[in-house]
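Presented below is the structure to which this report refers.
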Amino acid sequence: MNRTRHSMRRMLAPYVLLAPGLLWLIVFFVLPTIQMFLYSVSTGSVDFGYRLTWSFDAFTIIPKQFSRQFANSLIYGTLATIITFLISYPLAYFIAFRGGRYKNLVLFLVIAPFFTSFLIRTISWQIILGNNGPVIGLMHAVDIFRAVPENFTFMGEPVAVVSGLVYNFLPFMTLPLYVALERIDIRLIEAAQDLYAGPWRPRGWLYGAVGGAILGGFIGFGIDWDIPIFALVGAVLGTIILGVFVSESFLRVTFPLSLPGVFAGSLLTFIPALGDYVNATLLGSPKTQMIGNVIQARFLESNDYPIASALSIVLMVGIIVAVMLYARMLGTEDLSGGAML
Amino acid sequence: MGLMGDDETGDVWQAPISRRNLLKRGGAVAGLAGVGAFLAACSGSSATPAPSQAAAATAAASAAGVASVAPSAAPTQEVPSEGPMGNILNFANWPAYIDVATSGPDNGKSPTLLEFTKATGVKVNYQEKIDDNNTFVATIRDQMKAGLDTGWDLMVLTDWMAARLISLGWISRINQANVPNCQANLVDSMRNLPWDPGNDYHYPWQMGMTGVGYSKKSVAAAGMQPLTKIADLWNGKLAGHVTFLTEMRDTFGLGALKLGIDPVTITLDQVNQIVNDMQPLVSQGLRFTGNSYLQDFANGKVWAAMVWSGDLASSGSADDVFIFPDEGVMVWSDNMLIPRGAQHQRAAEAMMNWVYQPNIAAQIEDFVYYVCPVKGADAEIKKLDPPAASNPLIFPTPAIVAKQHAFKTLSQDEDTAFNNAFNTLMGS
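Residue numbers (our numbering), protein chains in the order written: chain U, 78 to 418; chain F, 207 to 634.
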């Protein structure tokens, strides 16, 4: 009798422990998701109420009407992820291995902008990139050949939106990378060096040139600027970075061990960037609207709940599929490995 | 279905026809015809109705069918508002919409509100929270629907939105005993509007026009003559430095006038025509804003824009001007409403009553440069600021009144279709 009760308790314990989290998920995630799905197949208006009609009209018009905004989201989100990675990796590497006694200070500096409101931080980019701002002012000042057109502008262009995204999501990439790199046992790298791991050239040059050209070309394409120039710059930078700075020990030891951080960081950047609408609202124009802007406008401005809900569902399913593919590609079993800060 | 909430699909759906008819009859159009009539009266040409006003009236009449219908969906219970005044009034309004002292100890504060506090003991929490009708209403829709406190006791919304909210029963009935000034001083042309014939739910705050504003310096620097037409906004020299309004009726209204379409009878086909006409500008970087065009003018980001009539005069630099374009202007009224569930209804009524004193109305008008709905304010403004009495923004001339156009009262289906087209144009 006593024994059965004891084993009952043991059986129930995990569920009891799970209950608060589970309940939270059901109330704030599962139910709203079901509600959202029901809205997406309803007809009516927000003022007069909705009727569940199982009409899939909202889904059928999406490819026709909103493919451009989906494409914008995908391109800007991907660009933001790649660029934050390119900035964050050297930064995290530096903090983890060379930070020394300034480690905590530098880490603090990475998250310091978070002490200001997200909106204020984004609006400040309006000033930085604005027509009367420092960046364009400097460009005109150093432009002795008058190559920059008089009415040149960043605001409202993809480059402004991507800049905003990169800036706002940088810490979400840097911190997981830092955690992953910081955990690496330095003796593994020393061992690799003892085993004659040298510089990576000449193959590094080749990979750097090709990879840099592709990446640069994609960035140029994404922000709608001159693709060949970006490809060329990418190729040069890639050659230098991979050819000169990357060693075999980094390639075979450090980088593979930091993959959980890469995985976590890119998810933490890519997923919110894909659905973000603040940057495109404040820094963009109608032609740079992302899918988040559409969802926001349809929910709050035109009160078209069915379309807004359908778009949210498509976005959600799209993200889940993309993440699953990515996880398989990167072969990371430990999905949250780098996210454990 | 359980999750959808039966209250949302309840009684409203059982009588959709009467509501739709109500909206049709209700006709913000007729209300706007009233604005036209008032403006005509103001400028001393009340004998001959302006063309736009005649058109609006005809359209309203044809849409109406029945002359006047009481709002059937309005709440039946009288909200008791005899009680104590309370000590605070939460007032949501649009930017640049009240007088502000520019010197002295009250610099930056509104004399009208300070005097109100002195007279009644009620402090005013005045917030410039409304930049767009839809966006603002979205923030309080659920509370109004449920009859809960929205955090606001008084709010100012444009005629078409006011008519819609009143017909939904989301607005508190005004206790007329508390607003004798409103009853006495509301201009005749704004009385008996089909969507609230007895002013049971609203009193106008201001009326105004939508036209074109530009910075003289920037436009000259771009190598252009001073602007005179809506079509000038399409000029390639201004590309990337133009904004339109996020209010669909304003942007499509001016877009219609540019193409020679009468906004009062606008159809979906014509809307698509307007969208096609505006699409190239969007590709060149056209943006859509609410009152924030004031900041854009101030920092030189915008050189020319669709703007509301009083803003640049009250809050722009001397270099920024409003013009009544050749093709015409849109007219509208913004109205004081007490949302259902308001905690300080008595204080809200006191405020309505306060701003309907001719001297107070003149004081506001002399700052905001919109068209005033209060009888006797013209005489008061002459004492205060004689040149203002001949300002066409406050007292439009007959030539301007002839240019005024109202936007069609949309059915639910049209509203959805027009908004869809508008959002698509805005890239969302």
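We treat Cβ as the ideally placed atom computed from N, Cα and C, and that holds for glycine.
Going straight from the alpha carbon of residue i to that of residue j, what length do you get?
i	j	result
residue 554 of chain F	residue 299 of chain F	13 Å
residue 315 of chain F	residue 333 of chain F	12 Å
residue 347 of chain F	residue 313 of chain U	56 Å
residue 633 of chain F	residue 364 of chain U	6 Å
residue 166 of chain U	residue 183 of chain U	14 Å
residue 602 of chain F	residue 444 of chain F	29 Å
residue 493 of chain F	residue 234 of chain U	12 Å
residue 422 of chain F	residue 613 of chain F	29 Å
residue 511 of chain F	residue 586 of chain F	33 Å
residue 131 of chain U	residue 125 of chain U	18 Å
residue 502 of chain F	residue 542 of chain F	28 Å
residue 244 of chain U	residue 161 of chain U	8 Å
residue 114 of chain U	residue 622 of chain F	21 Å
residue 367 of chain F	residue 339 of chain F	7 Å
residue 385 of chain F	residue 356 of chain U	46 Å
residue 396 of chain F	residue 410 of chain F	8 Å
residue 180 of chain U	residue 172 of chain U	6 Å
residue 328 of chain F	residue 371 of chain F	27 Å
residue 435 of chain F	residue 207 of chain U	28 Å
residue 264 of chain U	residue 341 of chain U	25 Å
residue 584 of chain F	residue 595 of chain F	7 Å
residue 34 of chain U	residue 106 of chain U	Chain U is shown from 78 up to 418; residue 34 of chain U falls before or after that span and cannot be answered.
So who's on the other strand from residue i, going by DSSP bridges?
i	result
residue 527 of chain F	F:420
residue 540 of chain F	F:364, F:412
residue 217 of chain U	According to DSSP, which records beta bridges pairwise, residue 217 of chain U is partnered with nothing at all.
residue 511 of chain F	F:419, F:449
residue 494 of chain F	F:450
residue 324 of chain U	U:276
residue 545 of chain F	F:377
residue 535 of chain F	F:610
Need the endpoints of the alpha helix (DSSP H) that residue i sits in, please.
i	result
residue 255 of chain U	235-259
residue 143 of chain U	139-170
residue 362 of chain U	Unbroken run through residue 362 of chain U: none, as it is neither H nor E.
residue 488 of chain F	474-489
residue 107 of chain U	First-last for residue 107 of chain U: undefined, no H or E at that position.
residue 340 of chain U	336-352
residue 347 of chain F	339-352
residue 202 of chain U	195-206
residue 377 of chain U	Residue 377 of chain U -> no alpha helix (DSSP H), and no H or E assigned at all.
residue 307 of chain U	304-317
residue 503 of chain F	499-504
residue 439 of chain U	As displayed, chain U neither begins before 78 nor continues past 418, which places residue 439 of chain U out of reach and without an answer.
residue 521 of chain F	517-521
residue 266 of chain U	263-271
Tell me where the beta strand (DSSP E) around residue i begins and ends.
i	result
residue 121 of chain U	119-122
residue 331 of chain F	329-333
residue 448 of chain F	448-451
residue 128 of chain U	126-129
residue 182 of chain U	Element bounds for residue 182 of chain U: not the beta strand (DSSP E) but the alpha helix (DSSP H), 180-188.
residue 296 of chain F	294-298
My guess is that residue i and residue j are in contact by the Cβ rule of under 8 Å, so how many angstroms apart are they, rounded?
i	j	result
residue 296 of chain U	residue 307 of chain U	5 Å
residue 198 of chain U	residue 190 of chain U	6 Å
residue 419 of chain F	residue 527 of chain F	7 Å
residue 129 of chain U	residue 118 of chain U	7 Å
residue 590 of chain F	residue 567 of chain F	Not a contact, Cβ separation roughly 11 Å.
residue 538 of chain F	residue 446 of chain F	That belief does not hold up - the Cβ atoms of residue 538 of chain F and residue 446 of chain F are roughly 29 Å apart, past 8 Å.
residue 377 of chain U	residue 344 of chain F	4 Å
residue 624 of chain F	residue 477 of chain F	6 Å
residue 579 of chain F	residue 330 of chain F	Their Cβ separation, rounded to whole angstroms, is 20 Å, which puts residue 579 of chain F and residue 330 of chain F out of contact at 8 Å.
residue 522 of chain F	residue 349 of chain F	Not confirmed; about 35 Å, so no contact.
residue 384 of chain U	residue 375 of chain U	5 Å
residue 311 of chain U	residue 289 of chain U	4 Å
residue 359 of chain F	residue 551 of chain F	7 Å
residue 371 of chain U	residue 360 of chain U	Wrong, their Cβ atoms sit about 17 Å apart, outside the cutoff.
residue 458 of chain F	residue 480 of chain F	6 Å
residue 201 of chain U	residue 266 of chain U	In fact, because the Cβ distance is near 39 Å, the residues do not count as touching under 8 Å.
residue 274 of chain U	residue 154 of chain U	Not quite, the Cβ-Cβ distance comes to about 35 Å (not below 8 Å), so this is no contact.
Exercise for the section: Just list the alpha helix (DSSP H) runs in the segment 367-438 of chain F, keeping only unbroken ones of 4 residues or longer that don't cross its boundaries, in chain order. Expected result: 386-391, 422-427
Problem - Those runs of the alpha helix (DSSP H) which lie wholly inside the segment 560-624 of chain F and span at least 4 residues - result: 564-574, 583-590, 604-607
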